[in-house]
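Chemist:
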Ligand code: SAH
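Numbering (this note's numbering), first residue to last: 15 to 482.
#1: Out of 442, 382 and 358, which one is the CA nearest neighbour of residue 126?
#2: Can you look up residue 262 in the DSSP assignment and give me helix, strand or coil?
#3: Out of 182, 84 and 297, which one is the CA nearest neighbour of residue 191?
#4: I need the DSSP call for residue 124, collapsed to helix, strand or coil.
#5: Between which two residues does the beta strand (DSSP E) carrying residue 396 extend?
#6: Measuring straight from C-alpha to C-alpha, what distance separates residue 197 and residue 132?
#7: Just mark residue 342 as buried or exposed, buried being the case when its beta carbon has 16 or more other beta carbons within 10 Å.
#8: Go through its chain and collect everything with a Cβ distance to residue 444's Cβ below 8 Å, but skip five positions before and after it.
#9: Is it true that the CB of residue 137 sits closer than 8 Å to the CB of residue 367?
#10: Can we count residue 226 as close to the ligand SAH, meaning its CB is less than 7 Å from some heavy atom?
#11: Go to residue 202, then tell me how far its alpha helix (DSSP H) extends in each direction, as first and last residue.
#12: Using DSSP bridges, identify the partner residues of residue 164.
#13: Am I right that residue 336 and residue 252 are in contact with their C-beta atoms under 8 Å? What's the rounded C-beta distance?
#14: Between which residues of its own chain and residue 321 is the CB-CB distance below 8 Å, once the five residues before and five after are set aside?
#15: How many whole angstroms separate the CB atoms of residue 262 and residue 101, which I take to be in contact at a CB cut-off of 8 Å?
#16: Straight-line CA distance for residue 437 to residue 400?
#17: Residue 221: buried (16+ other C-beta within 10 angstroms of its C-beta) or exposed?
#18: With respect to 7 Å, is the separation between the Cβ of residue 258 and the closest non-hydrogen atom of the ligand SAH below this value?
#19: Could you tell me the distance, in whole angstroms, from the CA atom of residue 37 to the CA atom of residue 172?
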């Protein structure tokens, strides 16, 4: 068996043998013989295929039709009236992260009562396997004396919480390592939830010159919150971004008979309370920067913010070591119009009632790869199903099923597994993409292409876990 596989299997066994997990989510997670089931799953996914999932791509039909004038809509209308039509990127940034009225800022959109559900909210096993991946990379990089775990867009904090529990269970390995936790989160509401999930109640959280909040995790590690990646300290870092890059602002471009034009958002002249897409009359700076002569699609979406983040992560990994795991729905530079909205688990028109619905677009992994290459080696993107299987999800499931002492628990375990693994559910749509220092991979691995070509056996998760 490849070394990475062996190391991972050992870690997996240590986690499986260790005492059962205790459901500790303030949101109501509870222990299921080692796998805390996230609230909301039974109602959301009672085995029917009718539930709409956020990563799936839809036609423009079937969308919500009402158009109440939301405070965000009023704000955007004022803005467009005073400065003219805005780019889709500016629209998305305002709608999602405007400090006063932005969608992410003041409510919890995750779970059954929210607008969408994510893998870490479905099953604790997801975070466990990612935790094992980071520990296996830490071992492979020579067990450095200190590292920081940096999560971008941590939502409810569930993923970090699951990883921290794995770190605790592998304490015999990690006890001499100085570990700190760093969260990049723009939302005051979500950072409050993260603090309640990750730190002890009644502990006072402080502010520092760079972090807007800092404290100690329930497992005894220093934890910091930042609004901006520039504030996160450098150093040996393990980065994680799960369903984060898809929330960053995109520019949209349309090919016409007269060449490429950027799409802008304007007020509908026929209905002053409505917005509509228009084509920029002349070439915009973004069109010049992002549309290449060899582009064969007729519609293109580009997310420069994702590019900037990947560049920073790659630079820090190159200089200080570590790794990054990016998990999201996406494509390899082939898709066209993927911009969509979600509200209450239903598709929502992106221009209607802005600020009340999630906006998202598929991640272009080929763009991330181009930005990262040179500085770091990249692996993937590979399907979530492959990554979790390579990390030993089937072995973990068997242990949990053996420990489960009632039919209900077993059914829940199987249903969560199905959601994470089925190719027509999260298993096929979500992709895992990693960045590692060049020295981590043999030269032949560094040119590995996604999906079809042989995957690297040297790095856990990206090579098959073969058992003898
Ligand atoms: N990773 C979590 C949550 C995904 S939702 C999960 O998988 O469950 C997207 C997350 O990114 C939220 O926490 C949101 O508040 C955060 N976010 C969105 N845009 C951001 C930005 N520009 N800077 C920092 N955080 C952002």
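Quick reminder that beta carbons are idealized off the backbone N, C-alpha and C, glycines included.
Modeler: In short, the structure shows the following:
#1: Comparing Cα-Cα distances from residue 126 to each of 442, 382 and 358, the minimum goes to 358.
#2: Three-state DSSP puts residue 262 in coil, outside helix and strand.
#3: When each option's Cα is compared against that of residue 191, the closest is 182.
#4: In the three-state scheme derived from DSSP, where H, G and I count as helix and E and B as strand, residue 124 is classed as strand.
#5: For residue 396, the enclosing beta strand (DSSP E) starts and ends at 391-397.
#6: Their backbone Cα atoms lie some 18 Å apart in a straight line.
#7: Residue environment for residue 342: buried (at least 16 other C-beta atoms within 10 angstroms of its C-beta).
#8: Here residue 444 has 69, 133, 341, 342, 343, 397 and 398 as same chain residues with Cβ atoms under 8 Å from its own Cβ, once five neighbours each way along the sequence are excluded.
#9: A distance of 8 Å or more separates the beta carbons of residue 367 and residue 137.
#10: False, no ligand heavy atom lies under 7 Å from that Cβ.
#11: Looking at the DSSP string, the run of the alpha helix (DSSP H) that includes residue 202 is 202-212.
#12: Residue 164 pairs with 196 and 253.
#13: Beta-carbon to beta-carbon, residue 336 and residue 252 are separated by about 5 Å, close enough to satisfy the 8 Å threshold.
#14: If we look at residue 321 and ignore the five residues flanking it on each side, its Cβ neighbours are 381, 382 and 385.
#15: At roughly 13 Å, the Cβ-Cβ gap does not stay under 8 Å, so residue 262 and residue 101 are not in contact.
#16: Taking the straight line joining both Cα atoms gives about 10 Å.
#17: It is exposed - the Cβ of residue 221 has fewer than 16 other Cβ atoms within 10 Å.
#18: In this structure, residue 258 has its beta carbon less than 7 Å from a heavy atom of the ligand SAH.
#19: Unreliable placement is indicated for residue 37, whose pLDDT of 33 sits below 50; no coordinate value is reported for it.
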